[in-house]
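Residues 232 to 627 (this note's numbering) make up the sequence shown, in order. Even for Gly, the Cβ is constructed at its ideal location relative to N, Cα and C. All remarks here apply to the structure that follows.
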Amino acid sequence: MEEALKNSDSELNKNVNENAENSESGFSYLIYRLIAVADQNRSTAALLGCLFLITVLDILFDLYLFEPYVDLIETLSGSKPGEFAEVDIGFAPEVWQAILGMVLGTLILVISIASQSIPKLIDLYMKDLISLIYVWILIASGAHAGVIKLYGEIGLVRESSRVFNAHFLMTFCGIVAFPYIFYILRYTKPTNIIAQIYGINMDLIRSLVTPRSHALVKNDTVLSSQQHTMFESLNQLDDILEYVSFKELKGDIIYDMGRTIRNYMLIKPYLHPEFFRVSEKVRSDISFKTLVGQYEEMERTRSFYEQKCFRLMNNNYIKLMEQGEFDLSSMIAGEVAKIGQTAIECEEEDIVEIVIIRFNTFFRMSIKHALRNNEPRNIYNLSFFYGQFIFHLVEH
């Protein structure tokens, strides 16, 4: 009888623990899902956050800081300035419009000019939290001033809100306007854009090992968005490589492509197995539209991201070789060799086979180019990097 009671108690405790874990995991999933939705809709999330922030700050200023601020002004001035209800706030909306017009005008001008040589720059800008937060603070502060003016005209005067808007919000946003413009000018510099694309992509890849990503990996919308963002980063680098004419920038892009895949392979063992499902957005990518029958193979070998990078590198290798950019085409071969060495160290046998196939393709293209143009330099350079890869393979 006692054993039966003990068994029933243990089963009851087990059920209670399981229910607690399920409720906790359900709550965690809800939080993770909200974060994912906010990340996918950054502009809307920034707007709501700025409206909430200004509302809360206005209330806190009225409750705790307004009276001390009035006392401070009286102490510093040596006189009592009187009631702030008499302060004319009619100028504030026009000032906010001027600040907003200056900032947005500069943004439109700078981004329009930079987009001519750097495609999809607006997509990168729309994900920049600093820009989104600052612009929405300007808009929300202007709306705040408009509401204060409207209420003043109908006799509803809130002194603390007038002081908060005119003395604090306007001063802060006016001072920050010019540093922000310089930030945007620096932001649109090609080297910084390339570094931004690489950094954002690596932040996403590193976030894939977190409990939040593991909890959301079975959500098709989140998984598709993550894979699409990773692909878009490589596509952006590829587009910039096509448009820019400076060798240094092209070299940086090629290096960042290779570095992305090498770092990805180091993180890859810690990713959730469900992450390697090939989503619809991946299947619709321009690089994969001809690989209709190979999706299951890519899922089995977990190689869809490496395949994407290799296809881009293959296309650029041919273009640079045809354009006579021997050093850059050789740099692509060197990056493929480094990826192969990393795959060997990570014991990624499927990726090693893909690297060998890619080198065979490079050799075929370089031999064809050498016969047509009587120029064997690509073959020499390719043989050197392939030899490094084979030597590393033999060592391991």
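1) Helix, strand or coil: which one does DSSP assign to Y414?
2) Cβ atoms of D487 and I629: under 8 Å apart, would you say?
3) Helix, strand or coil: which one does DSSP assign to S362?
4) With a floor of 4 residues, list each alpha helix (DSSP H) that falls wholly inside the region 510 to 597, ordered by position along the chain.
5) In chain order, what residues of the same chain have a beta carbon less than 6 Å from the beta carbon of L502, not counting five sequence neighbours either side?
6) Is T441 helix, strand or coil by DSSP?
7) Are there 16 or more other CB atoms within 10 angstroms of the CB of V523, so buried, or fewer, so exposed?
8) Determine whether the beta carbon atoms of F297 and S391 lie at a separation below 8 Å.
9) Can you confirm whether the region 522 to 536 touches the region 590 to 601 when touching is taken to mean that 3 or more C-beta pairs between the two stretches lie within less than 8 Å?
10) If you pair each beta-carbon of the region 374 to 391 with each one of the region 431 to 447, do three or more pairs fall below 8 Å?
11) Given that a residue counts as buried once 16 or more other Cβ atoms are within 10 Å of its Cβ, and exposed if not, what is G373?
12) Which whole-angstrom value is the C-beta distance of F594 and L613, which I expect to be below 8 Å?
13) Round the Cβ separation of V509 and M401 to the nearest angstrom and send it over; I've been treating them as touching at under 8 Å.
14) Exposed or buried, I339, counting other C-beta atoms within 10 Å across all chains shown (16 or more means buried)?
15) Using beta-carbon positions only, say whether P421 and V341 come within less than 8 Å of one another.
16) Of the residues I549, I610, Q572 and E584, which one's Cα is nearest the Cα of E626?
17) Determine the closest residue to S518 out of I498, I285, H459 and L369, with distance taken between C-alpha atoms.
18) Buried or exposed, going by whether 16 or more other CB atoms sit within 10 Å of the CB of Q457?
19) Count the other CB atoms, across all protein chains shown, that sit within 10 Å of the CB of G489; report buried if there are 16 or more and exposed otherwise.
20) Would the region 402 to 412 and the region 289 to 304 be scored as touching if the rule is three or more Cβ pairs under 8 Å?
21) Just how far apart, CA to CA, sit T275 and I364?
22) Can you tell me where the alpha helix (DSSP H) with P504 in it begins and where it stops?
23) Nearest CA to the CA of Q467: which residue from I353, L602 and Y611?
24) Is F616 helix, strand or coil when you go by DSSP?
25) Taking all protein chains shown into account, decide if E566 is buried (16 or more other Cβ within 10 angstroms of its Cβ) or exposed.
26) Using the Cα positions of E676 and Y611, report the straight-line distance between them to the nearest angstrom.
27) Does DSSP put P350 in a helix, a strand or coil?
28) Using a Cβ-Cβ cut-off of 8 Å (strictly less than) and excluding sequence neighbours within five positions of Q328, which residues of its own chain qualify?
29) Shortest alpha-carbon distance to S259 belongs to which of M357, M496 and P442?
30) Suppose contacts are defined by Cβ-Cβ distances below 8 Å. Is V448 in contact with F506 by that definition?
31) According to DSSP, is G430 part of a helix, a strand, or is it coil?
32) What do you get for V583, buried or exposed, if any count of 16 or more other CB atoms within 10 angstroms of its CB means buried?
33) Need the endpoints of the alpha helix (DSSP H) that L472 sits in, please.
34) For I485 versus I563, is the C-beta distance shorter than 8 Å?
35) What does the alpha-carbon distance come out to for the pair S560 and K351?
36) Using 10 angstroms around the beta-carbon of S348, count the other beta-carbons present and answer buried if the total reaches 16, otherwise exposed.
This is what the structure gives:
1) Taking the first residue of the sequence shown as 1, we reach residue 414 at position 183. In this structure, Y414 counts as helix in the three-state DSSP scheme.
2) Nothing can be reported for residue 629: it is not among the residues displayed for the chain, which extend from 232 to 627.
3) Here the question's residue 362 lines up with position 131 in the sequence shown. The answer is helix: DSSP assigns S362 an H, G or I state.
4) 511 to 514, 526 to 532, 535 to 553 and 557 to 576
5) The residue labelled residue 502 in the question sits at position 271 within the sequence shown. Excluding sequence neighbours, L502 sits near L439.
6) On the sequence shown, residue 441 is found 210 positions in, with the first residue counted as 1. The answer is coil: DSSP assigns T441 none of H, G, I, E or B.
7) As a first step, residue 523 is located in the sequence shown; it is residue number 292 there, counting from the start. The residue is exposed, with fewer than 16 neighbouring Cβ atoms inside 10 Å.
8) Walking along the sequence shown from the start, residue 297 turns up at place 66. Walking along the sequence shown from the start, residue 391 turns up at place 160. Yes.
9) no
10) no
11) Indexing the sequence shown from 1 puts residue 373 at position 142. Burial call: buried.
12) Reading the sequence shown from its first residue, position 363 is the one you call residue 594. Reading the sequence shown from its first residue, position 382 is the one you call residue 613. F594 to L613, Cβ: 6 Å. Contact.
13) Your numbering for residue 509 matches position 278 in the sequence shown. Your numbering for residue 401 matches position 170 in the sequence shown. Going by Cβ atoms, the distance from V509 to M401 rounds to 52 Å, so no, they are not a contact pair.
14) For the purposes of this step, residue 339 is taken as the residue at position 108 of the sequence shown. Exposed is the call here.
15) Taking the first residue of the sequence shown as position 1, residue 421 is located at position 190. Taking the first residue of the sequence shown as position 1, residue 341 is located at position 110. Going by C-beta atoms, P421 is not nearer than 8 Å to V341.
16) Position 395 of the sequence shown holds residue 626. Of the residues I549, I610, Q572 and E584, the one whose Cα lies closest to the Cα of E626 is Q572.
17) Reading the sequence shown from its first residue, position 287 is the one you call residue 518. Of I498, I285, H459 and L369, the residue nearest in Cα terms is H459.
18) Counting from 1 along the sequence shown, the entry for residue 457 is found at position 226. Burial call: buried.
19) Numbered from 1 along the sequence shown, position 258 holds the residue referred to as residue 489. Buried, by the Cβ-count rule.
20) no
21) Stepping through the sequence shown from its first residue, residue 275 is reached at position 44. Stepping through the sequence shown from its first residue, residue 364 is reached at position 133. Using only the alpha carbons, I get a separation of about 10 Å.
22) By 1-based counting over the sequence shown, the position of residue 504 is 273. Segment: none, P504 is in no alpha helix (DSSP H) and carries neither H nor E.
23) Along the sequence shown, one-based indexing puts residue 467 at 236. It is I353 whose Cα lies nearest to the Cα of Q467.
24) Indexing the sequence shown from 1 puts residue 616 at position 385. Three-state result, F616: helix.
25) For this step, residue 566 is matched to residue 335 along the sequence shown. Buried, by the Cβ-count rule.
26) The requested residue 676 is not part of the displayed model; the chain covers only 232 to 627.
27) Here residue 350 corresponds to residue number 119 of the sequence shown, with the count starting at 1. In the three-state scheme derived from DSSP, where H, G and I count as helix and E and B as strand, P350 is classed as coil.
28) Taking the first residue of the sequence shown as 1, we reach residue 328 at position 97. Only G373 meet the Cβ criterion.
29) Numbered from 1 along the sequence shown, position 28 holds the residue referred to as residue 259. The shortest C-alpha to C-alpha distance from S259 to any of M357, M496 and P442 is the one to P442.
30) Reading the sequence shown from its first residue, position 217 is the one you call residue 448. Reading the sequence shown from its first residue, position 275 is the one you call residue 506. Yes. Within cutoff.
31) Your numbering for residue 430 matches position 199 in the sequence shown. Three-state result, G430: helix.
32) For the purposes of this step, residue 583 is taken as the residue at position 352 of the sequence shown. A buried status is given to V583, since no fewer than 16 other beta-carbon atoms sit within 10 Å of its beta-carbon.
33) Here residue 472 corresponds to residue number 241 of the sequence shown, with the count starting at 1. From DSSP, the alpha helix (DSSP H) with L472 extends over D451 to Y474.
34) Taking the sequence shown and counting its residues from 1, one reaches residue 485 at position 254. Taking the sequence shown and counting its residues from 1, one reaches residue 563 at position 332. Against a cut-off of 8 Å, the Cβ pair of I563 and I485 comes out as a contact.
35) Within the sequence shown, residue 560 is the residue found at index 329, counting from 1. Within the sequence shown, residue 351 is the residue found at index 120, counting from 1. Between S560 and K351, the C-alpha separation is close to 25 Å.
36) By 1-based counting over the sequence shown, the position of residue 348 is 117. With fewer than 16 other Cβ atoms within 10 Å, it is exposed.
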